[in-house]
Amino acid sequence: MHIARTGLGIAAATAVAALAVTALGTAAPAAVPHTLAVPAVAGHTLVHGVSSPLTSEQCQSKWHINCYTPLQYRTAYDLNALYRTGVTGKGRTIVIVDSYGSPTVQHDLDVYSKQFGLPSTRVKVVKWGHVPAFDPKNSDMTGWAGETTLDVEMAHAVAPAAKIVVVETAVSETEGTTGLPEMMDAEKYMIDHGVGDVISQSFGATENTFPGFDRGDFSSIKKLRYAFQDANRKHVTVLAASGDGGATDMKLDGKTYYDKRVNSWPSSDPLVTSVGGTQLHLDDKGERVKPDSVYNDYGSGGGGKSHVFTRPSFQNGVESKVGTRRGTPDISMTAAVNGGAWIYSSYDPTAVGWDVSGGTSEATPLFAGVVALADQAAGHRVGNIQQALYGLYAHHAKANGIVDVNDGTNNSYQGVTGYKAVNGYDLATGVGTVDALKFVPALAKASRHG
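Numbering (the working numbering), first residue to last: 168 to 617.
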């Protein structure tokens, strides 16, 4: 199986739009099929290392994209009124899992926070396994460092008082007995030791690339579910990005896409809340100039039906859309590169400065921040939110802060026909997106776990 970091960066000045994703990885043990890991920020390099954030008007002039600050996101998702009541994520912890991590993550978060007038927070780093020394000349490592930076800064943008724990794993290799089990082992350890209320995962592997899939043997996926089963018992919320390949995704080579509809794990796992992607259309204040659409530019929001998992009971109300299968995503946040987020990084000494990044690996930590707010509002972990989420959607969705995305745009990508954003649940954006001022207290009230 090929595991991809979901997320796209756009980087600056002289660079050209490289529309092919660069696949990078290390050799797998002989007994394990070789896999290549795609760092989130590889390829699509249009905006990188800028000296300071620009306005959307300037971004449009220079790169023909909109670029947004966390202050615009806070307005767009109706977060400011929550902060005024003291709901800031205080007392809650977000766990972010990334290979290699970034040696400058704390410094970069401090610079990011200062730029936008946010309080910073301490990032605790947990090294899982023998994590090699960071080499800024290793493009695999810098790719993952970019992902780590994006994850941390987006989670912090939404839940500024939440604690953040970054778990650095030693390999980006995620086939068989290498990377994915390592990531799941790390997550289970965090869960068993009470570290973290919500886990954010911005990676995925196409279901079809797991050993045994072509024979209808899904045991290689199902044997990896132990961390999620543990999280379910301990009331820890687990999120995963739905991917950036629309209704398709990458083959084992990490370069080419399937010419048919496929889905990816862990997003497809019923124990995981799958976070898809939208495109925001904002003015300088963060107010919408038109309704959200489906993320579909330098990538496309992942969504569709799982070939491994049947329809879980929480999706019985959307059977007309998912049929007999587990459907993804469940909910969506901003992910389009045209409308991407400013982030700051200094792990690469040749490109210190501000980048614009997008992808569902942006959407996932943003939603992790929303869950942390709900945990604080509830006074306890909201845990597995699936039943609550679909219940809120089914009964007075708008009053509960669930905002339908229904403008008719779609997640078709790489020649594979995707799904349209229509009224109600769809396989492009799930139940839609959120108005946090209403959604956070509604989710807190709907959760039953102490």
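Quick reminder that beta carbons are idealized off the backbone N, C-alpha and C, glycines included.
Neighbourhood of Leu249 by C-beta distance below 7 Å, restricted to the same chain and skipping five residues each side: Leu540, Ala603, Leu604, Val607.
Using C-beta distances below 6 Å, list every residue in its chain close to Asn305, excluding the 5 sequence neighbours before and after it, in chain order. none
Check whether the Cβ atoms of Gly443 and Pro496 lie closer than 7 Å to each other. yes
Ala185 - DSSP class collapsed to helix/strand/coil: Note that Ala185 has pLDDT 23, beneath the 50 cutoff, so the model's placement of it is unreliable and no number is given.
Return the chain-ordered list of same chain residues with a C-beta closer than 6 Å to the C-beta of Leu246, the five sequence neighbours on each side being excluded. Excluding positions up to five away in sequence, the list reads Ala603.
With DSSP collapsed to three states, give me the class of Glu454. coil
Of the residues Ala566, His448, Trp509, which one's Cα is nearest the Cα of Val456? Nearest option by C-alpha distance: His448.
Through-space distance from Val538 to Lys422, alpha-carbon basis: Looking at the two C-alpha atoms, the distance is approximately 34 Å.
Please report the residue range of the beta strand (DSSP E) in which Arg382 lies. Segment: none, Arg382 is in no beta strand (DSSP E) and carries neither H nor E.
Residue range of the alpha helix (DSSP H) that His474 falls in? Residue range 471-477 is occupied by the beta strand (DSSP E) that includes His474, with no alpha helix (DSSP H) assigned at that position.
Alpha carbon to alpha carbon, how far is Ala408 from Thr527? Give it in angstroms, no decimals. Approximately 5 Å between the Cα atoms of the pair.
By alpha-carbon positions, which one of Trp509, Glu335, Glu320 ends up nearest to Ala328? Comparing Cα-Cα distances from Ala328 to each of Trp509, Glu335, Glu320, the minimum goes to Glu320.
Under 7 Å between the Cβ atoms of Gly412 and Gly469? Their beta carbons are under 7 Å apart, which means Gly412 touches Gly469 by this criterion.
Quick check on the burial criterion: 16 or more other C-beta atoms within 10 angstroms. Buried or exposed for Arg289? exposed
For Ile263, tell me which candidate among Gln368, Lys355, Gly471, Phe534 has the shortest Cα-Cα distance. The residue from Gln368, Lys355, Gly471, Phe534 with its alpha-carbon nearest to that of Ile263 is Gln368.
Cutoff 6 Å; reference Ser460; Cβ partners in own chain excluding five residues on either side: Gln446, Asp574, Thr576
Ordered along the chain, which non-local residues of its own chain (more than five positions away) have a Cβ less than 6 Å from that of Lys294? Glu335
Neighbourhood of Ser280 by C-beta, 6 Å cutoff - its chain only, sequence neighbours within 5 removed: Ser287
Please list the terminal residues of the continuous beta strand (DSSP E) segment that includes Ile263. 260-266
Within 10 Å of its beta-carbon, does Ala503 have 16 or more other beta-carbons around it, so buried, or fewer, so exposed? buried
Continuous alpha helix (DSSP H) assignments of at least 4 residues falling wholly in the stretch 281-354: 306-325
Per DSSP, Leu406 forms a beta bridge with which residues? Ser367, Thr440
Member of Ile498, Asn578, Thr316 whose CA lies at the smallest distance from the CA of Val278: Ranking the options by Cα distance to Val278, first place goes to Thr316.
If you reduce the DSSP assignment to three classes, tell me which class Ala530 lands in. Three-state DSSP puts Ala530 in a helix.
What is the rounded straight-line gap between the Cα of Thr600 and the Cα of Arg251? 22 Å
Ala414 and Asn578 - do their beta-carbons sit closer together than 7 Å? yes
Cutting at 6 Å between CB atoms, please list the residues of its own chain near Arg259, excluding the five before and the five after it. Ala329, Asp364, Ala539, Asp542, Gln543
Residue nearest to Ile358 in terms of C-alpha spacing, selected from Phe476, Lys401, Phe377: Lys401
For Ala587, which of helix, strand or coil comes out of DSSP? The sequence shown places Lys at residue 587, not Ala. Correct three-state label for Lys587: strand.
Measuring CA to CA, which of Val439, Leu438, Gly371 is closest to Lys418? The residue with the shortest Cα to Cα distance from Lys418 is Gly371.
Sort Val298, Gln396, Val439, Asn567 by Cα distance to Phe481 and report the nearest one. Val439
Using 10 angstroms around the beta-carbon of His215, count the other beta-carbons present and answer buried if the total reaches 16, otherwise exposed. Result: buried.
Looking only at C-alpha atoms, which of Ile331, Arg382, Thr491, Asp450 sits nearest to Lys291? Ile331
Please work out which residues of its chain come closer than 8 Å, Cβ to Cβ, to Arg492, disregarding the five sequence neighbours upstream and downstream, and give them in chain order. Lys472, Ser473, His474, Phe476, Thr477, Arg478
How would you call Gly383, buried or exposed, if buried means at least 16 neighbouring beta carbons within 10 angstroms? exposed
Between which two residues does the beta strand (DSSP E) carrying Asp522 extend? 520-525
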